[in-house]
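Please read the structure below before turning to the comments.
Numbering (full-length UniProt numbering), first residue to last: 1 to 746.
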C-alpha cells in the first residue's frame with residue numbers, strides 16, 4: 001500500500017498486492033453491513049497460489065529447483081522419474097533435457113512439469129492418456145502435452161490431469177470413468193479438453209477421481225466422483241459438470257486427497273469434507289461429510305490432503321498432521337492414526353505435500369524432508385526403510401522456498417520525473433504495453449507523473465495536470481475507464497479533475513480531490529467504495545458524507561481517510577476490526593475511528609490500519625496475528641493501540657501483514673510478519689514490537705509491499721528487501737533478501 005502523507009511532494013513507490021492469501025486466524029464474531037449480515041463474506045482471493053515446487057505420486061516424489069531443473073526419486077516402473085529408465089531410485093536423480101520448469105505435479109504413476117513459457121511436459125504411465133500427448137504410450141522421458149499453452153497451474157489425480165490457463169479456463173485429460181474431465185462422456189482423452197462452465201479460476205486440484213477449482217470470488221467448484229461426498233455439494237451424486245461446494249466462501253486455497261478435500265479460508269480457518277474412515281477430515285470423528293465442516297486448527301498458512309491423511313502448516317512454521325498413520329505418514333513418531341490434528345515434530349515448514357503413504361515438507365532453507373512408507377525409496381534418504389519421523393532427502397536442496405502467492409510488481413517515480421517499473425507483469429501492470437515480466441527497472445512511457453499507487457495487479461498514477469491514469473487488471477472496473485478490459489498501457493480515468501492524491505486497494509481505487517472530497521471506483525462487495533451501496537463501479541463515484549479530507553489510504557478491502565481536523569474515518573471490510581470504530585461490522589458509509597486526534601498521516605495494510613500523530617507516536621488497529629500492530633501482543637484490536645517503544649516518527653507505511661516507520665534520524669523500523677524477510681533484520685521471525693532495519697541510514701521515504709519493503713535514501717539510491725520471486729526487489733535477481741539490497745539501474 002502506498003504511503004499517504006501530508007505536505008511535501010515525495011517520491012512515491014508502489015507495487016501490487018500479493019493476495020491473496022491473507023491466511024490468518026479469523027475473529028470470534030461475524031461481520032455485518034451496518035446491522036446484521038445476510039452472509040459471512042470474505043474478500044476474494046484475487047491471485048493464484050504459489051507454484052508447486054514439490055509433489056508426490058503413489059510411490060514417487062518430484063521436486064523443482066529454483067534454477068528450473070527437475071529432480072525425482074522413488075518408484076519408477078512406468079518411467080515416472082523421467083530419467084529415461086524404469087529403475088527405482090532411493091536418492092534424487094535429475095530429469096534430463098528439461099529446464100525452465102516453474103512447477104510440478106504428480107499422479108499415481110506419472111509426472112507433470114509446467115514450463116515458464118506456459119507449456120506442459122509429462123512423463124510416466126499413459127494408460128489413460130494422462131500424458132496428454134495424443135497417444136497411450138508410456139514415456140520414460142518428458143514429452144510435451146499437445147495443444148496447450150498459457151498454462152499457469154497444474155493438478156493431477158490418480159490418472160487424470162488438470163491445467164489452468166492464464167485466461168481462467170480449465171483443461172483436463174486422461175481417465176474419465178467418473179466424469180472427472182468435466183464432460184458427459186466417460187471416455188478417456190489423450191489430449192486436453194476444456195472443462196465447460198468455468199471461468200475466473202485461480203487454482204485447480206485433482207482428487208483421485210474428482211476435480212476441484214477455486215474461483216477468484218473465493219468459491220470452490222467440483223465435479224466427478226462423489227461416492228463419499230468429496231464434491232461437498234450435500235450429496236453423493238456424481239457430477240458431470242462443475243457444482244459449487246456448499247456453504248463455503250472466502251477460500252484462499254484448496255487441496256484434494258483420494259476421496260476427501262480441504263479448504264483454507266482467508267481468515268486462517270480450515271474446512272474439510274468427504275471420506276473420513278481414517279479421521280482425515282480432522283473433526284474428531286470418522287463420519288463421512290457431504291458438506292464442509294470446520295476443524296479446530298486456526299492460524300493456518302497452508303493445507304494439503306493425502307490419500308487418507310492431511311497436513312497443515314501454521315503461520316509459526318509448525319507442521320500438523322491427522323488421519324491415517326498406518327504407514328507413519330503423520331510423522332509424529334508413532335503408528336497411531338489421529339482423528340484430530342497433532343503436531344508432526346517439524347518446524348520452519350513452507351510447502352507441504354501428502355501422498356499415498358508418505359509425506360514431504362519443503363523447509364524455508366530449501367531442504368526437503370520426508371517420512372512414511374519407503375518400500376520404493378520414495379523418501380529419498382538412500383534407504384528403503386519406513387520412517388515415523390522426518391528424515392532429510394539426501395543430496396537435494398531446492399533453494400530458497402517460494403512461498404508467496406499471486407503476482408508482485410514495483411513502480412518508482414524518479415527525481416527526473418521518469419516512471420520506472422519492474423517485477424510481475426502478467427496483467428500489464430508495469431504499463432509498458434507488454435505482459436513481459438522484468439527483474440530490472442523498465443521505463444513507463446508516461447510523463448508528468450507526480451504520484452503512484454497500486455492494487456493487486458493494477459496501477460494508478462496522478463499527473464501534474466491533476467488527471468488520473470490507470471493500467472493493468474480491470475476485472476471489477478478498478479481502472480475506472482468504464483470498461484472491464486485489461487490495459488497494458490495507461491488510460492485516463494474520465495470525469496476526474498483537480499485530484500491531489502490517489503490510492504489503491506486490491507480491486508478498487510481512490511482519488512482525493514482538491515475540494516476535500518474522495519472518489520472511488522471498482523470492486524464494492526464490502527462497501528469499500530463508501531457510496532452507501534455494494535455495487536461495483538466502472539467509473540468514479542463520490543464517497544458519501546465525507547469532506548475536508550487531506551489524505552487517503554487503502555487496504556485489501558477497506559479505506560482510510562484523514563480529515564483536516566485530525567480525525568480518521570474508515571469504511572468497507574471490517575472482519576478484523578480494521579475500521580477502528582470498536583466493532584467488527586463492515587460499513588458501506590464512512591465511520592470515525594474512535595479515540596484518535598491530532599493525526600497527520602494514515603496507512604492501511606491488508607487487514608490493519610495505522611495512524612501517525614503529530615507527537616511522533618504511531619497507533620494501530622485491526623488484525624494482529626503476525627504482530628503487525630506492534631504493541632507487544634498478537635491479539636487484534638478494534639480500537640487504536642499505541643505501537644511500543646517508538647517515537648520521533650515522521651512517516652508510516654503498511655504491507656499486507658507488516659508495518660514500517662521512518663524516524664527523524666533516518667532509520668527505518670519494522671514489525672509484523674517476516675517469513676520472507678520483509679522486516680529487513682536478517683531473520684525470518686515475526687516481531688510484535690518494532691526492530692530496526694539492518695544497515696539503513698539517511699532514509700527519506702519508505703514503502704511496504706505485501707511481502708517486501710523498500711526505502712529511498714537521501715543520496716537518491718533505492719533499497720529493497722523481502723520476497724523477490726517476481727523480481728520486485730529490482731536487483732536483477734529473483735532471490736529473497738533478508739537485509740536491504742540496492743535497486744540497480746536507477
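Glycine included, each C-beta is placed from N, C-alpha and C at the ideal position.
Between the CA atoms of residue j and residue i - distance to the nearest angstrom
i: residue 344; j: residue 389; result: 8 Å
i: residue 695; j: residue 702; result: 15 Å
i: residue 62; j: residue 71; result: 6 Å
i: residue 608; j: residue 657; result: 8 Å
i: residue 464; j: residue 532; result: 31 Å
i: residue 235; j: residue 179; result: 16 Å
i: residue 742; j: residue 441; result: 12 Å
i: residue 89; j: residue 171; result: 32 Å
i: residue 133; j: residue 434; result: 31 Å
i: residue 142; j: residue 700; result: 52 Å
i: residue 446; j: residue 491; result: 10 Å
i: residue 421; j: residue 459; result: 10 Å
i: residue 73; j: residue 91; result: 6 Å
i: residue 621; j: residue 580; result: 6 Å
i: residue 538; j: residue 470; result: 13 Å
i: residue 46; j: residue 333; result: In this prediction, residue 46 has a pLDDT of 35, which is less than 50 and means its spatial position is unreliable; what the coordinates show is noted afterwards. So the two alpha carbons sit approximately 39 Å from each other.
i: residue 740; j: residue 122; result: 40 Å
i: residue 727; j: residue 638; result: 36 Å
i: residue 693; j: residue 660; result: 9 Å
i: residue 112; j: residue 131; result: 8 Å
i: residue 606; j: residue 190; result: 43 Å
i: residue 276; j: residue 341; result: 14 Å
i: residue 56; j: residue 77; result: 15 Å
Limits of the beta strand (DSSP E) - the one that residue i falls within
i: residue 656; result: Unbroken run through residue 656: none, as it is neither H nor E.
i: residue 155; result: 151-156
i: residue 490; result: 487-492
i: residue 144; result: 139-144
i: residue 290; result: 289-294
i: residue 260; result: 260-265
i: residue 242; result: 239-244
i: residue 422; result: 419-423
i: residue 124; result: 120-124
i: residue 587; result: 587-592
i: residue 309; result: 309-314
i: residue 508; result: 508-513
i: residue 249; result: Segment: none, residue 249 is in no beta strand (DSSP E) and carries neither H nor E.
i: residue 55; result: 54-56
i: residue 111; result: 110-115
is_contact[residue i, chain B] using C-beta, thresh 7 Å
i: residue 305; result: Looking at the structure shown, chain B is missing, and only one protein chain is on hand.
Residue i burial status per 10 Å Cβ neighbour count (16 or more: buried)
i: residue 24; result: Unreliable placement is indicated for residue 24, whose pLDDT of 22 sits below 50; the coordinate value is still reported in the next sentence. So residue 24 ends up on the buried side.
i: residue 494; result: exposed
i: residue 175; result: buried
i: residue 167; result: exposed
i: residue 294; result: exposed
i: residue 97; result: exposed
i: residue 598; result: exposed
i: residue 290; result: buried
i: residue 635; result: exposed
i: residue 443; result: exposed
i: residue 184; result: exposed
i: residue 556; result: buried
Residue of the options minimising C-alpha distance to residue i
i: residue 482; options: 257, 520, 528; result: 520
i: residue 461; options: 679, 560, 489; result: 489
i: residue 260; options: 223, 54, 167; result: 223
i: residue 652; options: 272, 616, 676; result: 616
i: residue 248; options: 220, 515, 643; result: 220
i: residue 253; options: 233, 305, 581; result: 305
i: residue 314; options: 393, 593, 302, 423; result: 302
i: residue 250; options: 625, 525, 644; result: 525
i: residue 283; options: 338, 477, 240; result: 338
i: residue 269; options: 502, 292, 279; result: 292
i: residue 226; options: 436, 237, 321; result: 237
i: residue 124; options: 95, 690, 115, 551; result: 95
i: residue 272; options: 662, 230, 563; result: 230
Segment contact flag, the stretch 426-433 with the stretch 367-382, C-beta cutoff 8 Å, min 3 pairs: Verdict: no, contact absent.
contact_flag[the stretch 634-652, the stretch 672-684] where n(CB pairs < 8 Å) is 3 or more: The stretch 634-652, when compared against the stretch 672-684, does not touch it at the 8 Å Cβ threshold.
Three-pair Cβ contact test at 8 Å for the stretch 677-685 versus the stretch 627-637: Contact check between the stretch 677-685 and the stretch 627-637: fewer than three CB pairs, one atom from each, fall below 8 Å, which does not count as touching.
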